[in-house]
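Report on the structure given below.
Protein chains: 2
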Amino acid sequence: MITLFEQPDSGNCYKVRLVAAHTGLPIERVTVSSRDGSTRTPEFLAMNPIGKVPTVRLDDGRFLGESNAILLHLAEQTPLLPADAYDRAKAYEWLFFEQYSHEPAIAVRRALVTYPERAALATPERMAQLLEAGNRALGVMEARLAQHPWLAGGAFSVADIALYAYTHTAEEGGYDLAGFPGIRAWMDRLAAQPGHVGLLD
Amino acid sequence: MITLFEQPDSGNCYKVRLVAAHTGLPIERVTVSSRDGSTRTPEFLAMNPIGKVPTVRLDDGRFLGESNAILLHLAEQTPLLPADAYDRAKAYEWLFFEQYSHEPAIAVRRALVTYPERAALATPERMAQLLEAGNRALGVMEARLAQHPWLAGGAFSVADIALYAYTHTAEEGGYDLAGFPGIRAWMDRLAAQPGHVGLLD
């Protein structure tokens, strides 16, 4: 069985549980945390030299990190990875957009708001920059989702899973989704998919 | 023929020219730039709503952005995308590492050093943070490359192309590669590959 080393409130870790839920893959869950040093121990760094979660141990004992790399690996040969080459390329595009332009604003601002030990880093200037960057990323999603039910191609895919993970907690970071009706309808659509699990399930 | 909309000194755009060179794919090149506003025109945003380079127009007229998504798309069905599922997953892992932990330090610091219009953003505190983050990313690469010739699996792949793009310009951003002999040997090995092209070729 695959083992997921996770921080339970992490959206990046939640992506792995979502793809497992939708593909029927059983996983064992082990809690570690960037907040208590357990992702920086020699034992953890031997599994993942970057010292980050999620990290998975595969059936053969080898390790894999980077949430969206894990998504792609687990989704191969399933309907969650589009079969059409262009739709698949657009899924890749959304996954890299998520890690470069979305998560570094929306997930980071949520952590600054909700983790007391990070409050000193939440300067007004930084919070304003993150708000602007996150709203720009949400605008890119809205432009797509106002016109189409899913992000890449015509069906629910790894792209939707990757972007949902932190978009659905954006309000915890101070983002107002009222002006993004396409995103809100898409989140409802995604949460209504058979097999859906919540962040804290 | 594929059209590459590129900023000529951009490492992210260089990745696309490297994968094209190694797969024998002819490309037409069109220069645009984030520095003169030409990636923010309505015409450009209609091609890529994120307003970033590289953007490619494929043979059928459809568009694709995000450098590493373009790499994966163009490398499918070629030896640059590992055939083994785990090696391929490790290539994905390096591509996401590059966009999250490497490029935002190493490429950004180079731009702050070399683009005069960004000098005001290059505060001592930010430059120190970027130096530390970039050296940490280089350390992760070194740990791999001190032991193995290539990043993912046993052969030259898209992972090497993606990481080479900005690693080989790291010294322009103030990073010292003297302490990373594995990286330096890997860069020499990569530049000696048949079909290699330089950043400004």
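If you read the protein sequences in the order shown, they are chains A and B. Using the numbering used here, read the first sequence as starting at 5 and increasing by one per residue. Using the numbering used here, read the second sequence as starting at 5 and increasing by one per residue. Yeah, the Cβ is synthetic: ideal placement off N, Cα and C, and Gly gets one too.
- In the DSSP assignment, the residues bridged to A:Phe67 are A:Arg61.
- In terms of beta-carbon proximity, A:Val20 stays away from the interface with chain B, with every pair separated by 7 Å or more.
- Restricted to the region 94-172 of chain A, the alpha helix (DSSP H) segments that are unbroken, complete and at least 4 residues in length are 107-118, 128-149 and 162-171, listed in chain order.
- Distance between B:Glu176 and B:Glu121, taken at the CA atoms: about 16 Å.
- For B:Ile110, the closest Cβ of chain A is not nearer than 7 Å.
- Taking C-beta separations shorter than 6 Å and ignoring five residues to either side along the sequence, the partners of B:Ala25 in its chain run Gly199 and Val201, following chain order.
- The residue among B:Ile187, B:Val60, B:Met51 and B:Ala174 with its C-alpha nearest the C-alpha of B:Ile110 is B:Ala174.
- Between A:Ser161 and A:Leu84, the gap from beta carbon to beta carbon is short of 7 Å.
- Using a Cβ-Cβ distance cut-off of 8 Å, the region 12-27 of chain B and the region 180-194 of chain A are not in contact, since fewer than three pairs of beta carbons, one from each stretch, lie closer than that value.
- What A:Glu175 touches in chain B, judged by beta-carbon distance under 9 Å, is nothing: the nearest beta carbon there is about 23 Å away.
- With 16 or more other Cβ atoms from the protein chains shown falling within 10 Å of its own Cβ, B:Ala169 counts as buried.
- Annotation: Cβ neighbours of A:Val144 in chain B (cutoff 8 Å, chain order): Pro53 and Ile54.
- Chain order gives the chain B residues near A:Phe101 as Ile54, Gly69, Glu70 and Ala73, where near means a beta carbon separation below 9 Å.
- Within the model, the alpha-carbon separation for A:Ala159 versus A:Thr43 is close to 35 Å.
- Under the Cβ criterion of 7 Å, A:Leu76 is counted among the residues facing chain B.
- Per DSSP, the continuous beta strand (DSSP E) segment holding B:Thr7 begins and ends at Ile6 to Glu10.
- B:Gln133 and B:Pro185 have their C-alpha atoms roughly 23 Å apart.
- Scanning A:Ala141, A:Leu155, A:Trp154 and A:Ile6 for the CA closest to the CA of A:Asp64 turns up A:Ile6.
- Just so you know, the alpha carbons of A:Ala123 and A:Pro12 end up roughly 21 Å apart.
- In this structure, the CA atom of B:Leu181 is about 27 Å from the CA atom of A:Thr45.
- Of all residues in the region 81-95 of chain B, only Ala89, Tyr90, Arg92, Ala93 and Lys94 come within less than 8 Å of chain A when Cβ atoms are compared, listed by chain position.
- Linking A:Ala95 to A:Ile31 through their CA atoms gives a straight-line distance of about 24 Å.
- The Cβ atoms of A:Gly157 and A:Pro86 lie closer than 7 Å to each other.
- When rounded, the separation of the alpha-carbon atoms in A:Asn52 and B:Phe100 is 14 Å.
- At a cut-off of 7 Å between C-beta atoms, B:Ala156 does not count as an interface residue with respect to chain A.
- When only Cα atoms are considered, B:Lys56 and B:Ser38 end up about 7 Å apart.
- In the three-state reduction of the DSSP assignment, B:Glu80 falls in the coil class, being assigned neither a helical nor a strand state.
- Put simply, the CB of B:Tyr104 is near chain A, with a gap under 7 Å to one of its CB atoms.
- In this structure B:Asp164 is buried. Its beta-carbon is surrounded by 16 or more other beta-carbon atoms within 10 angstroms.
- Straight-line spacing of the CA atoms in B:Thr171 and B:Glu107 works out to 9 Å.
- With contacts defined by Cβ atoms closer than 7 Å, B:Ala166 and B:Lys19 form a contacting pair.
- In this structure, B:His77 sits near A:Ala93, with a CB-CB distance shorter than 7 Å.
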